[in-house]
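Engineer:
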Amino acid sequence: MRDDSFLRMATPYARSFLRRLFLVASFVAVLPGMALTFAAEPGSPLPEGLKLTEPQIPIELVGSLRSINERLTKQVPPAQNAAVFLLIAVGKDAFEPELKADSLELMGVQALPPDAPQFVLLEDFTKFLDGVPPDQTHEVALQIQDELFAAAEGPWSVEKYPRLLAYLTANEKSLKTISTAADQPGYFVPMLSVEMPPRLLSATLNIERRFPFIARMYNARAMHRLYTGDVDGALDDLLTCHQIALLLANGSPFDVSNAKAHVVDAFATRGEGLVLASGRISPEQLARYTKAFRALPPLPTADQAANIGERAIVHQEIELLSTDEESVRGFFEVPDASSRPAEKLPDLSGLKWDQALVGADGIWDEIVKALGTRDRATQKELFAKLDQKLAQWEESTDEDVEKFTEKLKSDPAATSRWVGENMAWSLRPFWWQRRFSDDRARVRRDLTNIGLALVAYRQDHGSFPAALSELTPKYLPELPVDGHTDLPYDYTRETDGLARVMSKGANQMNDAGNFYNDDQNIELK
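All the letters of the sequence shown, read from the start, carry residue numbers 827 to 1351 under my numbering.
(1) With respect to the beta strand (DSSP E) encompassing Q1010, which residues constitute its N-terminal and C-terminal limits?
(2) Less than 8 Å between the C-beta atoms of V1269 and Q1346, yes or no?
(3) For V935, does the three-state DSSP call read helix, strand or coil?
(4) Can you list, in chain order, the residues of its chain whose CB lies under 6 Å from that of E922, leaving out five sequence neighbours each side?
(5) Roughly how many angstroms separate the alpha carbons of L991 and V966, rounded to a whole number?
(6) For my contact list, L1350 and G1277 are in at a C-beta cut-off of 8 Å; report their separation, rounded to the angstrom.
(7) How should F1308 be labelled, buried or exposed, when 16 other C-beta atoms within 10 angstroms of its C-beta is the threshold for buried?
(8) Could you give the DSSP three-state label for T1204: helix, strand or coil?
(9) Pull up the CB-CB distance for L913 and A1008, whole angstroms please, since I reckon it's below 8 Å.
(10) Alpha carbon to alpha carbon, how far is G917 from E1247? Give it in angstroms, no decimals.
(11) Rounded to whole angstroms, what is the Cα-Cα separation between D956 and N1084?
(12) Is it a yes or a no for the stretch 1124-1142 touching the stretch 882-890, going by three-plus beta-carbon pairs under 8 Å?
(13) One question on the structure: do S1000 and F1037 come within less than 8 Å of each other, judged by their Cβ atoms?
(14) Which of the three DSSP states is assigned to N1032 in this structure?
(15) Under three-state DSSP, which class holds V1327?
(16) What is the DSSP secondary structure of Y1317, reduced to helix, strand or coil?
(17) Quick check: what's the CA-CA separation for A1138 versus G1105?
(18) Hey, could you find the ends of the beta strand (DSSP E) L1197 is sitting in?
(19) Using 10 angstroms around the beta-carbon of D972, count the other beta-carbons present and answer buried if the total reaches 16, otherwise exposed.
(20) With 16 as the cutoff for other CB atoms within 10 Å, does A1292 come out buried or exposed?
(21) What is the rounded straight-line gap between the Cα of P873 and the Cα of A905?
(22) Sort L1064, T1054, V984, A1087 by Cα distance to R1035 and report the nearest one.
(23) Within 10 angstroms of the Cβ of F1256, are there 16 or more other Cβ atoms? Answer buried if so, exposed if not.
(24) Please return the same chain residues whose Cβ sits closer than 6 Å to the Cβ of A1279, not counting the five positions on each side in sequence.
(25) Quick check on DSSP: helix, strand or coil for P858?
(26) Three or more beta-carbon pairs under 8 Å between the stretch 1058-1065 and the stretch 1106-1123, yes or no?
(27) Let me confirm a value: E1098 is counted as buried when at least 16 other C-beta atoms fall within 10 Å, else exposed. Which label applies?
(28) Can the beta-carbon of A915 be found closer than 8 Å to that of N1032?
(29) Count the other CB atoms within 10 Å of the CB of P871; is the residue buried (16 or more) or exposed (fewer)?
(30) Considering only residues of the same chain and omitting the five flanking positions on each side of L1313, which have a CB-CB separation below 8 Å?
(31) Can you tell me whether DSSP reads K877 as helix, strand or coil?
(32) For S1242, which residues from the same chain have a beta carbon less than 6 Å from its beta carbon, with the 5 sequence-adjacent residues on both sides left out?
(33) Assign Q901 to one of three DSSP states: helix, strand, or coil.
(34) Return yes when the Cβ of A1131 is within less than 8 Å of the Cβ of G1012, no when it is not.
(35) Would DSSP call L955 helix, strand or coil?
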């Protein structure tokens, strides 16, 4: 079954011109060699009609929910907040109606440009295509979505995907605004929830949910630009994806946001491999992109999200035990009257909340330290200790309400720390998987970096090198090692004009032909 969630994820655009766009798109072609750089320098004039002010924290936000929003909004002023430009592209209706006013206030947005073109949804687009019956618009939208995914796999012409090109053309102005967003120095979207009481675990992330689909659009357009000879434009689109990934991962330091950032970054890496393998990049274009690519900082490792966003979630869940009955029921696994006779909830009036946070932070500090350790052997030892402590916690007997109440009276400090420790273990990240994700991100960047050097070497020498060591120091300052093993990457020069660099992934096996393939590689010819 195909996923149609991307078809309805933005504010509808005034679409009277869509029919004409589809007709025009068949004749759209970018002149070879023409560079289309959409990104604007930070500090450039703001779009007409955009009114900004000092962000304000609504008084209703309290505790950790308030603290995390205060911390994140201070990272970037509204005029340089990528999310403000994203709102211009997708519309303020991207927020839940109940959260719109508070979200705009937190972002310091008084008004968005009233006439800005907004993102065109696939379903809206298909309604205005000639020859599509009203009862088939959804199916046609799914077909164009499939074309979008396939188009990112190599250069393509208007004859192959005419409807897709028309759709990309319909969103050209929105993509230009998003490219401007990608060039900003920071990203902040308020962490708010429609749930009552509002909690970080259920924060609305409507804007960032669009990022993987938008990245696919950039990749598909990059491959069309590559086909037309606009290599600079294609590289612009791929670099924009890397910038979006960095903005999201740093501006929204939560595991769920990091996962999307890795997806967007991976799309860009795939596109870079296709450009490098195409043989269409000139030495001058290669040099420019190499400089821009190597200036990109790496994606943050998992300890950043654990230390900031995920710690805030743990703190807030502890806070809710003092005010929210359902949170108490969930923590102590006490059923309510709807399932069976309601059991009495524990009296937490004697709980020392500061000690509960101490208990949680003690566990969380260990997790953050382990995630942030880069030495593989040392980190493995730290993970093993966490595994052992987790196993002990899982085997421990749950406290019933009566025994807990007795312990709280006899030793309130220790019992309060026990509450915090249990909350931390309950909300723990999967540390081994987080390291694997970090390693994959590092490998992606390495493969593109090596690929850029290999193509430059071939342009100078007419063939690929016999060994990667020949790339240093002229083409690579130093040779990176496999992010999963810290050993050299597998390199094969099959012919003078065919080379492959591969990482066998976390399982250290060649997964070619297997259902689960953890390998990462770049093939150049």
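For every residue, glycine included, the Cβ atom is placed at its ideal position computed from N, Cα and C.
Structural biologist: On the basis of the supplied data:
(1) Where Q1010 is concerned, there is no enclosing beta strand (DSSP E), given that its DSSP letter is neither H nor E.
(2) In contact: V1269 and Q1346 (Cβ atoms closer than 8 Å).
(3) Residue state, collapsed to three classes: strand.
(4) Here the set comprises V1020, T1030.
(5) Straight-line Cα distance between these residues: approximately 14 Å.
(6) Taking 8 Å as the upper bound for CB-CB distance, L1350 and G1277 are in contact here, some 6 Å apart.
(7) According to the sequence shown, residue 1308 is Asp rather than Phe. By the 10 Å Cβ count, D1308 comes out buried.
(8) T1204: helix per DSSP, three-state reduction.
(9) Rounded, the Cβ-Cβ distance is 14 Å, inconsistent with contact.
(10) Between E1247 and G917, the alpha-carbon positions lie close to 42 Å from each other.
(11) Approximately 40 Å between the Cα atoms of the pair.
(12) Verdict: yes, contact present.
(13) Not a contact, by the Cβ cut-off of 8 Å.
(14) Helix.
(15) In this structure, V1327 counts as strand in the three-state DSSP scheme.
(16) In this structure, Y1317 counts as strand in the three-state DSSP scheme.
(17) Answer to the nearest angstrom: the Cα atoms are 48 Å apart.
(18) First-last for L1197: 1179-1198, but that is the alpha helix (DSSP H), not the beta strand (DSSP E).
(19) Residue burial annotation: D972 is exposed, with fewer than 16 other C-beta atoms found within 10 angstroms of its C-beta.
(20) Its Cβ having fewer than 16 others within 10 Å, A1292 is exposed.
(21) Separation of P873 and A905 (C-alpha to C-alpha, rounded to the nearest whole angstrom) is 10 Å.
(22) Here the closest residue by C-alpha is A1087.
(23) Here F1256 is exposed, its C-beta having fewer than 16 other C-beta atoms within 10 Å.
(24) Cβ within range, chain order: L1297, Y1301, L1302.
(25) Only weak support is given to the placement of P858: the predicted model assigns it a pLDDT of 31, under 50, and the value that follows is read from those uncertain coordinates. Of the three classes helix, strand and coil, the one that applies to P858 here is coil, per DSSP.
(26) As far as the Cβ criterion goes, the stretch 1058-1065 touches the stretch 1106-1123, which means the pair count is three or higher.
(27) Its Cβ being crowded by 16 or more others within 10 Å, E1098 is buried.
(28) Going by C-beta atoms, A915 is not nearer than 8 Å to N1032.
(29) It is exposed - the Cβ of P871 has fewer than 16 other Cβ atoms within 10 Å.
(30) If we look at L1313 and ignore the five residues flanking it on each side, its Cβ neighbours are V1307.
(31) Strand at K877.
(32) When the five nearest sequence neighbours on each side are left out, the beta carbons in the same chain lying within less than 6 Å of the beta carbon of S1242 are those of L1177, K1178, Q1181, A1182, in order along the chain.
(33) DSSP places Q901 outside both helix and strand once states are collapsed to three, so it counts as coil.
(34) Result no, Cβ atoms of G1012 and A1131 do not sit closer than 8 Å.
(35) L955: coil per DSSP, three-state reduction.
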